[in-house]
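A short worksheet on the structure shown next.
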Ligand code: 4AD
Ligand code: MG
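Residue numbers (the working numbering): 1116 to 1586.
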């Protein structure tokens, strides 16, 4: 057996009369007048291939085991299909059963199983319509992202996953340690969950100092941009956020371009072009999957995505947005006033009610943004930008970076951060500093937006959130 066989999606293109084989998993089987109709999927496309098995063609022993979830190869001939919604089907002449799936115990039989239930069997959910579609869109989106940057001369760089400095200064980091052997159960509490750490000295730990999973590749990406001009990273990032919301993961993927000789205007321009081009690519290459989401998950999804590709994003400053929110007459759960961080209800009102398309907010108060953002002349706001999308809220966070060393050192002090771990970051401003800017796109937020899926746990194969790291 070789990997270079046809996928189910290729079989739909074959002329009637062609002999071929189809490999995959049985979605459903229906018998009528001695003929069995099997819907077979290999995950290569949204559509299933219908296999028609006439009486006597396949031995009784195998035929009996063609049930939902079973894995087989069917040999046969492509024929025109009399059924609606499909041009061709495979008329079976034989079959090989690779693995049966006992109907009494196979967990994925019920139609309309809830997404909550499917999360518990995440190892099997890629076989269903919805998750096959989600993961195909995820694949195409990743490809479109690399393609977007490649065409524009950005270098794809790999920033470390393990780091000793907090890129966001927000203290949401997960620690990496090999000192577990020195972590002992408390006396009388063996096998329980309370521990004490015996003689824990970071200098003895694997890296000789406290180390963490990165919350963002930005700081390292900046070092590469200030040497290679335009770069981007695309990798996993980690945050120990306890908020158990439908929009937060502890492990998520971020796309972070960083550009030397670029200001916030250029950064916003890139972000808008980027989202539009990636969405346009998905409309072109994931038509069947998006049509399914449009029909079953989010009404008007296609219309919205097409609208985003052709319309211009609205630009507002944070100060303007707060005025609009204050004047909105809405009864928000969290009241808004200048200086408060915007909550998702505010972001949604701005994008959904007020503007009706993505909005870019700029120039936030320095207190609610990270230390590295460039200070405006007013001394109160920084050159930050967030791209907000209807239904999702914040999808991109970015900024022009502070390139002046005195301001940056002052901001570190103000934020209560020690300058020591950032010595190399400060060096960039000491030697050959340049204006530069970048942003981070939450890859799963983008996927929620383009698929209409309501929970971020359902757009990544295996979600990690507080209390959950199964599979
Ligand atoms: O706004 P954030 O925190 O920005 C940064 O990390 C910058 N260092 C990026 C940069 O300028 N290079 O995060 C960027 C994006 C958010 O807009 C959001 O889409 C996503 O990452 N994000 C999350 N996605 C899923 N789960 C979480 N816990 C997330 N936290 C942020
Ligand atoms: Mg942010």
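Where a beta carbon is used, it is the ideal one built from N, C-alpha and C, also for glycine.
- Task: Taking residue 1509 and residue 1368 to be in contact with their CB atoms under 8 Å, please state how far apart those CB atoms are, rounded to whole angstroms.
- Result: Residue 1509 to residue 1368, Cβ: 16 Å. No contact.
- Exposed unless 16 or more other CB atoms sit within 10 angstroms - verdict on residue 1333: Under the 10 Å beta carbon count, residue 1333 is surrounded by 16 or more other beta carbons and is classified as buried.
- Query: Of all the options 1178, 1164, 1515, which has the alpha carbon lying nearest to the alpha carbon of residue 1170?
  - Reply: Nearest option by C-alpha distance: 1178.
- Query: At which residue ranges does the segment 1485 to 1568 contain complete beta strand (DSSP E) runs of 3 or more residues, listed in the order of the chain?
  - Reply: Entirely contained in the segment 1485 to 1568, the beta strand (DSSP E) runs reaching 3 residues are, in chain order, 1496 to 1504, 1508 to 1515, 1551 to 1557.
- Item | Per-residue DSSP class, three states only, for residue 1446 | Here residue 1446 carries a coil assignment [DSSP, helix/strand/coil].
- Task: Report the rounded CA-to-CA distance for residue 1407 versus residue 1481, giving the unit in angstroms.
- Result: When rounded, the distance between both Cα atoms is 43 Å.
- Residue burial classification, residue 1500 (beta-carbon count within 10 angstroms, cutoff 16): Taking every protein chain shown into account, the CB of residue 1500 has 16 or more other CB atoms within 10 angstroms, so this residue is buried.
- Message: Measuring only the C-alpha atoms, how far is residue 1164 from residue 1405?
- Response: C-alpha separation (whole angstroms): 19 Å.
- Chain-ordered list of residues that sit, by beta carbon, closer than 7 Å to a heavy atom of ligand 2: The set, ordered by position in the chain, is 1501, 1509, 1512.
- residue 1434 - DSSP class collapsed to helix/strand/coil: When DSSP states are grouped into helix, strand and coil, residue 1434 belongs to the helix group.
- Query: In its own chain, which residues sit with a C-beta less than 7 Å from the C-beta of residue 1486, not counting the 5 before and 5 after it?
  - Reply: Cβ within range, chain order: 1284, 1526, 1527, 1530, 1532.
- By DSSP, does residue 1131 sit in helix, in strand, or in coil? It is coil, neither helix nor strand.
- Message: Can you list, in chain order, the residues of its chain with a C-beta nearer than 6 Å to that of residue 1292? Leave out the 5 residues immediately preceding and following it.
- Response: Cβ-Cβ distances below 6 Å link residue 1292 to 1320 in the same chain, with the five nearest sequence neighbours on each side left out; the list follows chain order.
- CA-CA distance, residue 1250 and residue 1286? Approximately 31 Å between the Cα atoms of the pair.
- Query: Where does residue 1357 sit, in a helix, a strand or coil, going by DSSP?
  - Reply: Residue state for residue 1357 is assigned as coil, using DSSP reduced to three classes.
- What three-state label does DSSP hand residue 1192 in the structure shown? Reduced to three states, the DSSP call for residue 1192 is strand.
- Query: If you pair each beta-carbon of the segment 1222 to 1240 with each one of the segment 1194 to 1201, do three or more pairs fall below 8 Å?
  - Reply: Fewer than three Cβ pairs drawn from the segment 1222 to 1240 and the segment 1194 to 1201 lie within less than 8 Å of each other, which leaves the two stretches out of contact.
- Task: For residue 1256, name the three-state secondary structure that DSSP assigns.
- Result: In the structure shown, residue 1256 sits in a helix (DSSP, three-state: H, G or I).
- Task: Return yes when the Cβ of residue 1127 is within less than 8 Å of the Cβ of residue 1617, no when it is not.
- Result: Since the displayed the chain opens at 1116 and closes at 1586, residue 1617 lies outside it and no answer follows.
- Query: Quick one: is the Cβ of residue 1559 within less than 7 Å of any heavy atom of ligand 1?
  - Reply: The answer is yes for residue 1559.
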